[in-house]
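Shown next, in structure tokens, is the structure this report addresses.
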């Protein structure tokens with residue numbers, strides 16, 4: 007078993023990073039070489055802007071290369087919950103931004119010729135308990151009527167042709183998609199560089215200061231200045247950016263990938279070949295990879311770290327969950343096990359905009375794979391003086407009281423959600 011991301015291990019290595027020192031003046035400097043930063047860099051460079059990407063590791067090293075491979079429309083919340091908290095207008099706008107995000111990726115993949123197995127698969131929100139199906143059905147009625155007619159409510163009998171496991175019904179979101187995240191991020195970086203963006207890997211930002219309207223950024227490989235800065239670091243945001251650190255909770259999420267399954271095995275467990283998410287608070291998400299592996303993830307442990315030791319422990323927990331859902335795979339070989347950090351906000355709504363002289367997009371709360379590309383492009387357009395299409399503009403983002411970036415409270419949060427799953 008390899009303790010590395012399947013997406014990293016099975017994708018071409020990006021070879022277009024700039025060599026030599028980090029230096030010069032740019033129209034825009036982007037901190038973070040994931041989906042958000044690379045999409046923004048491509049958009050800016052296509053418009054003729056001089057843009058630099060500063061990535062502390064390599065492109066796609068963080069959440070963009072460590073996720074479950076889903077491009078699901080819809081929010082971390084139910085539509086009814088989002089409407090109650092944000093109001094109907096904002097909830098609809100945000101929901102449609104997620105729809106637009108999947109459309110944006112589909113168009114970008116086609117335009118740039120990125121070979122990443124993009125496919126409109128549809129997503130199943132699976133009811134783990136009978137009472138969960140009742141809540142899913144109530145949410146479906148409002149969502150289908152007010153926002154997304156491309157949804158369907160599936161009964162237990164309907165699910166027999168979708169998944170070989172006894173769930174209690176599901177909602178199908180037909181617009182949702184999937185792709186190979188590693189090949190996409192390599193293709194996106196290559197496209198950004200081809201359009202003129204300068205991408206620096208292994209260039210961690212160690213200091214920043216603003217002199218008038220100009221920003222000066224010091225990295226481990228040199229120093230640059232820029233007229234605009236976009237912070238796109240999510241759960242990997244450093245203490246240099248305390249404003250965001252007081253608002254982002256980094257939570258570990260863990261994933262395993264089986265050996266390639268036979269056609270008989272995939273037909274038995276996932277005949278519908280969709281992305282799937284269970285309804286438990288500490289639930290699981292899974293899909294088949296392009297080479298027929300089951301990619302199975304979840305918040306196996308409430309941890310703010312992800313190293314190979316913790317990944318391996320979490321992998322054992324995920325194997326037990328996998329065996330519960332698909333008993334026929336209880337003894338299947340696990341080829342990959344990896345973890346990463348998810349940038350959660352207290353209310354689980356993402357944030358994007360402009361604060362204290364810098365642009366930012368983060369707090370995706372487990373839904374960044376689809377939204378990040380779109381928001382990166384939206385913010386790039388705002389930097390260019392184009393129409394501001396930010397669906398999150400003006401959404402308040404208070405700091406978490408007593409919190410400075412180290413989530414000491416995560417074990418207690420995990421116990422709370424485990425209790426909810428036991429009794430609800």
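Numbering (this note's numbering), first residue to last: 7 to 430.
Cβ coordinates follow ideal geometry from the N, Cα and C atoms, glycine included.
Everything numeric in this text was worked out from a predicted model, so none of it was measured.
- Counting of Cβ neighbours within 10 angstroms places residue 270 among the exposed residues, the total staying below 16.
- Contact between residue 24 and residue 205 holds, since their C-beta atoms are separated by about 6 Å, short of 8 Å.
- Assigned with DSSP and collapsed to three states, residue 361 falls in strand.
- Sequence-distant Cβ neighbours of residue 145 in its own chain, meaning closer than 6 Å and more than five residues away, are 84, 85 and 86.
- Considering only 411, 389, 407 and 409, the residue with the shortest C-alpha distance to residue 46 is 389.
- Here the alpha carbons of residue 363 and residue 34 stand approximately 12 Å from one another.
- Listed in chain order, the non-local C-beta contacts of residue 51 below 7 Å within the same chain comprise 57, 198, 201, 202 and 203, local neighbours out to five positions each way being set aside.
- Judged by beta-carbon spacing, residue 317 lies beyond the 8 Å limit of residue 282, meaning their Cβ atoms are not closer than that value.
- In this structure, DSSP gives residue 41 a helical state, which the three-state scheme calls helix.
- The stretch 403-413 makes no contact with the stretch 58-73: fewer than 3 CB pairs, one atom from each, lie closer than 8 Å.
- With a threshold of 16 other beta carbon atoms within 10 Å, residue 116 falls short and is exposed.
- Between residue 111 and residue 376, the CB-CB gap stays under 8 Å.
- For residue 161, the closest of 177, 170, 150 and 91 by C-alpha to C-alpha distance is 177.
- In this structure, residue 266 keeps its C-beta atom at 8 Å or more from the C-beta atom of residue 305.
- Sixteen is the threshold: since fewer than 16 other Cβ atoms of the shown chains lie within 10 Å of the Cβ of residue 297, the residue is exposed.
- Inter-residue distance for residue 82 and residue 288 is about 13 Å (C-alpha atoms, whole angstroms).
- Within its own chain, the residues whose Cβ lies closer than 6 Å to the Cβ of residue 303, once the five positions on either side in sequence are excluded, are 74, 261 and 291, listed in chain order.
- At the C-beta level, residue 246 and residue 182 stay beyond 8 Å of one another.
- In the three-state DSSP reduction, residue 303 falls in the strand class (E or B).
- When C-alpha distances from residue 301 are compared across 314, 285, 327 and 319, the shortest belongs to 327.
- Positions of the alpha helix (DSSP H) runs, each at least 4 residues long and wholly inside the stretch 341-401, are given as 374-389 in order along the chain.
- Taking a cut-off of 8 Å for Cβ pairs, the stretch 15-30 and the stretch 163-180 do not touch, as fewer than three such pairs fall below it.
- Beta-bridge annotation (DSSP): residue 61 is not paired with any residue.
- Residue 282 is bridged by DSSP to 130 and 292.
- Residue state for residue 185 is assigned as coil, using DSSP reduced to three classes.
- Secondary structure of residue 269 (DSSP, three-state): helix.
- Counting other Cβ atoms within 10 Å of its Cβ, residue 185 reaches 16 or more and is therefore classed as buried.
- DSSP places residue 317 within a helical segment (H, G or I) once states are collapsed to three.
- Between residue 210 and residue 62, the C-beta spacing is below 8 Å.
- Residue 154 is classed as buried because its beta carbon has at least 16 other beta carbons within 10 Å across all chains shown.
- For the pair residue 347 and residue 140, the Cα-to-Cα distance works out to about 32 Å.
- Assigned with DSSP and collapsed to three states, residue 179 falls in strand.
- Residue 406 carries a coil assignment under DSSP once its states are collapsed to helix, strand and coil.
- Residues 34 and 389 of the same chain have their beta carbon placed closer than 6 Å to that of residue 234, with the five preceding and five following residues left out of the count.
- Sixteen is the threshold: when 16 or more other Cβ atoms of the shown chains lie within 10 Å of the Cβ of residue 379, as they do, the residue is buried.
- Per DSSP, the beta bridge partners of residue 32 are 232.
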